[in-house]
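Below: one structure, written as structure tokens.
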Amino acid sequence: MSLDTIVQGILLGGLYTLFAAGLSLVFGIMRLVNLAHGDLIVLAAYLVLTLVGMLGLNPFLAALIAAPLMFALGWGLQRLVLNRVLGPDILPPLLVTFGLSIVVQNGLLMGFTADSQRISAGALETASIDLGPVTLGIMPLLTFASAIAVILVLNWIFYRTALGRAFRATSDDPVTASLMGIRPKAIFAQATGLALVIVTIAALYLGMRANFDPTIGPARLIYAFEAVIIGGLGSLWGTLAGGIIIGVAQTLGAAVNPEWQILAGHVAFLAVLLVRPRGLFPRAYD
Amino acid sequence: MTLLQTRGLTARYGDFQALFGVGITLEVGECVAIIGANGAGKTTLMRSISGVLANSPDQVVFDGQPIGALPADQVMARGIAMVPEGRRLFPSLTVEENLLIGAHGRKVAGPWTLEAIYGLFPILKERRRNPGTALSGGQQQMVAIGRALMSNPRVILRDELSLGLAPVVIRDIYAALPRIRDGGGSVIIVEQDIGQALKVADRVYCMMEGRVTLSGRPADLSRDAIHDAYFGALA
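Quick mapping for you: the protein sequence lines, in order, are chains A and B. Those letters in the first sequence? Residues 1 to 286, per the numbering used here, in order. Those letters in the second sequence? Residues 1 to 235, per the numbering used here, in order.
Listed below in structure tokens is the structure:
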């Protein structure tokens, strides 16, 4: 168990945090588990890929263009579909997002075939810096830094802006929020739009770091979901901690036996749940 | 001039009808009290006016406009703010954030600012960084009132302010009522405490089983008439 393994695991946790942050945001505000979250990440990856291919753009620039498009998609999705099924019963939104997941996967299969793709980032893919005992890849470092930045920005929005105040109030009590002149459905649409902006960032790194094809969404959803649950529902820093725990568990598992990488992540998730059933940083009330 | 009026207001929760043709009026600058026992329909009336419950457009008229069918956020934007029953502070917001969010959907210049609310209830300034729900019941009620005032409403609805509070606390909160009225708002209060209602209100409506059973100026209402309207005349 070298230091290197643990550091690589922490950096990998950055990627899982990016997968999870949008899910955490949406769940925190409207108690909606979006089962299509992973597929939306893959969709965003194809969008970035297409922009790179069509316009010959740098991937980061392409993601900058994709982000507002994904915001619009999220906003529309919430307005036209999800707002209609949100209610006291949690089953309809689960069913709808499950169906959406299948639609997105098959739509991507039709549009892009099952061939695996990759977003080329040129020399950045293999660049690294040597820090004595550990060598850090620039790409994992960028991923991790982006994850921290996303969590910082989300926290700033949540606790320092009027929009964040409205997010929290709506999450607490939508009826009373409406008495404050807040339209909960409009707030939900903005939240899902914001979540899909984060999804775009996650997709950028997903696509630059590994191959992807239309079917890998559900597995990303599971990592994201585990990170959110480990951290405690509704806690953004908890989501970061959850992502890191899964990342470290996976690299440690892989160091012992490459077949154990995925399994180790899931075992860590179950172990945390055994000790802290509500996650590491649960909100004080619910 | 009539500012707010309900006309033949009916409301139902599924098969259960809670209001049967309620008509009340509120004049500009007036303080009206709604009294009645539990289940009389007072809170339903407040929820209908504030837009939490939807009605036919003409059943609630505000400033000459039919607002009965508008959702709560649009009713609030027009200047009707509610202090809901049970205070309903947002637990994840601090005291100050709870106040600030009161102006989220309606930002108009007026006498009520954060500083003015702190002037009205100085204890809130001391505790402005605390979570809203960490305060005592009376202080929470102050936050709920301040939150409603932050939008500089033309009408403020106060539902069951006294519920669960000690008499001395209720007295303190009622002491703020004249200053709220000086700020230009008309007020509808819902109150189970008849004595309190008669003391502060210009006019009183008594409700029973979803209907208005008595209305008038406090001086014109006899104890017996109120008793009958409140509990029902003994047959």
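A virtual CB, placed ideally from N, CA and C, is assigned to each residue, including glycine. Since the structure is predicted, the reported quantities are computational estimates derived from the model, not experimental observations.
Bridge partners - residue i, DSSP secondary structure assignment
i: Tyr-13 (chain B); result: B:Phe-16
i: Asp-130 (chain A); result: A:Thr-135
i: Phe-62 (chain B); result: B:Leu-4, B:Gln-65
i: Arg-211 (chain B); result: B:Met-208
i: Ser-186 (chain B); result: B:Val-155
i: Arg-203 (chain B); result: B:Val-32
i: Thr-94 (chain B); result: B:Pro-131
i: Leu-26 (chain B); result: B:Leu-4
i: Ile-80 (chain B); result: B:Val-155
i: Gly-216 (chain B); result: B:Val-204
i: Gln-117 (chain A); result: A:Phe-212
Residue i at chain A interface by Cβ criterion, 9 Å
i: Phe-90 (chain B); result: yes
i: Met-76 (chain B); result: yes
i: Gly-14 (chain B); result: no
i: Gly-41 (chain B); result: no
i: Thr-10 (chain B); result: no
i: Glu-160 (chain B); result: no
i: Glu-126 (chain B); result: no
i: Ala-235 (chain B); result: A caution first: Ala-235 (chain B) carries a pLDDT of 47, below 50, which makes its placement in the model unreliable, though a value can still be read off. Closer than 9 Å: no.
i: Met-82 (chain B); result: yes
i: Asp-73 (chain B); result: yes
i: Thr-2 (chain B); result: no
i: Ser-151 (chain B); result: yes
i: Gly-102 (chain B); result: yes
i: Ser-136 (chain B); result: no
i: Gly-195 (chain B); result: no
i: Glu-209 (chain B); result: no
i: Leu-93 (chain B); result: yes
i: Ala-18 (chain B); result: no
i: Arg-7 (chain B); result: no
i: Ser-50 (chain B); result: yes
i: Arg-154 (chain B); result: no
C-beta neighbour in chain B for residue i, strict 9 Å
i: Thr-182 (chain A); result: It should be noted that the sequence gives Ile, not Thr, for residue 182 (chain A). Judged by the 9 Å Cβ criterion, Ile-182 (chain A) is in contact with chain B.
i: Ala-177 (chain A); result: yes
i: Pro-282 (chain A); result: no
i: Asp-172 (chain A); result: yes
i: Ala-189 (chain A); result: no
i: Arg-165 (chain A); result: yes
i: Arg-278 (chain A); result: no
i: Arg-79 (chain A); result: no
i: Leu-273 (chain A); result: no
i: Ala-162 (chain A); result: yes
i: Arg-31 (chain A); result: no
i: Arg-118 (chain A); result: no
i: Ala-264 (chain A); result: no
i: Arg-168 (chain A); result: yes
Reference residue i, options the options, closest by Cα
i: Met-207 (chain B); options: B:Pro-111, B:Ile-226, B:Glu-97; result: B:Ile-226
i: Leu-47 (chain A); options: A:Val-197, A:Gly-137, A:Asp-173; result: A:Val-197
i: Met-150 (chain B); options: B:Arg-12, B:Gly-138, B:Ile-180; result: B:Ile-180
i: Ala-145 (chain A); options: A:Thr-97, A:Ala-186, A:Ala-114, A:Tyr-205; result: A:Tyr-205
i: Val-143 (chain B); options: B:Glu-85, B:Asp-193, B:Ala-77; result: B:Glu-85
i: Val-104 (chain A); options: A:Gln-190, A:Ala-45, A:Phe-281, A:Ile-230; result: A:Ala-45
i: Arg-209 (chain A); options: A:His-37, A:Ser-116, A:Thr-239; result: A:Ser-116
i: Ile-49 (chain B); options: B:Gly-21, B:Val-200, B:Ile-80, B:Val-28; result: B:Ile-80
i: Asn-152 (chain B); options: B:Arg-78, B:Leu-26, B:Arg-127; result: B:Arg-78
i: Val-190 (chain B); options: B:Arg-47, B:Gln-74, B:Arg-12; result: B:Arg-47
i: Gly-216 (chain B); options: B:Arg-223, B:Tyr-205, B:Gly-210, B:Glu-209; result: B:Tyr-205
i: His-266 (chain A); options: A:Phe-281, A:Ile-230, A:Arg-276, A:Gly-238; result: A:Ile-230
i: Phe-281 (chain A); options: A:Ile-262, A:Gln-250, A:Ala-227; result: A:Ala-227
i: Gln-141 (chain B); options: B:Arg-154, B:Ala-166, B:Gly-183; result: B:Ala-166
i: Ala-62 (chain A); options: A:Val-52, A:Met-70, A:Ala-121, A:Pro-68; result: A:Val-52
i: Phe-27 (chain A); options: A:Ile-262, A:Ala-202, A:Ser-171; result: A:Ser-171
i: Val-212 (chain B); options: B:Ala-219, B:Leu-198, B:Asp-228, B:Asp-224; result: B:Asp-228
Whole-number beta carbon distance between residue j and residue i, since they are thought to touch under 8 Å
i: Phe-90 (chain B); j: Asp-173 (chain A); result: 6 Å
i: Ser-24 (chain A); j: Leu-270 (chain A); result: 19 Å between Cβ atoms; not a contact.
i: Gly-232 (chain A); j: Arg-168 (chain A); result: Going by Cβ atoms, the distance from Gly-232 (chain A) to Arg-168 (chain A) rounds to 16 Å, so no, they are not a contact pair.
i: Arg-203 (chain B); j: Val-32 (chain B); result: 5 Å
i: Asn-211 (chain A); j: Arg-118 (chain A); result: 5 Å
i: Met-180 (chain A); j: His-104 (chain B); result: 5 Å
i: Ser-222 (chain B); j: Gln-192 (chain B); result: Between Gln-192 (chain B) and Ser-222 (chain B) the Cβ distance is about 20 Å, and since that is not below 8 Å, they are no contact.
i: Ala-18 (chain B); j: Gly-41 (chain B); result: 5 Å
i: Gly-185 (chain B); j: Val-155 (chain B); result: 7 Å
(message) Is it the case that the segment 241 to 254 of chain A contacts the segment 16 to 27 of chain A, given that we only count it when at least three CB pairs across the two stretches are under 8 Å?
(response) In the pairwise beta carbon analysis, the segment 16 to 27 of chain A is classified as touching the segment 241 to 254 of chain A: at least three pairs are separated by under 8 Å.
(request) Please confirm if the segment 53 to 61 of chain B is in contact with the segment 97 to 114 of chain B, defined as three or more CB-CB distances below 8 Å between the two stretches. (result) No, the segment 53 to 61 of chain B does not touch the segment 97 to 114 of chain B.
(request) Evaluate the contact criterion for the segment 66 to 79 of chain A versus the segment 254 to 264 of chain A: three or more CB pairs, one atom per stretch, below 8 Å. (result) Of all C-beta pairs linking the segment 66 to 79 of chain A to the segment 254 to 264 of chain A, fewer than three are shorter than 8 Å, placing the two stretches out of contact.
(request) Decide if the segment 25 to 40 of chain A is in contact with the segment 211 to 228 of chain A; the criterion is three or more beta carbon pairs, one per stretch, under 8 Å apart. (result) Enough Cβ pairs lie closer than 8 Å, so yes.
(request) Would you check if there are 3 or more beta carbon pairs closer than 8 Å linking the segment 134 to 141 of chain A to the segment 150 to 158 of chain A? (result) Too few Cβ pairs lie closer than 8 Å, so no.
(request) Indicate whether the contact test is met: 3 or more Cβ pairs, each with one atom in the segment 165 to 173 of chain B and one in the segment 6 to 22 of chain B, closer than 8 Å. (result) Judged by Cβ distances under 8 Å, the segment 165 to 173 of chain B makes no contact with the segment 6 to 22 of chain B, as fewer than three pairs qualify.
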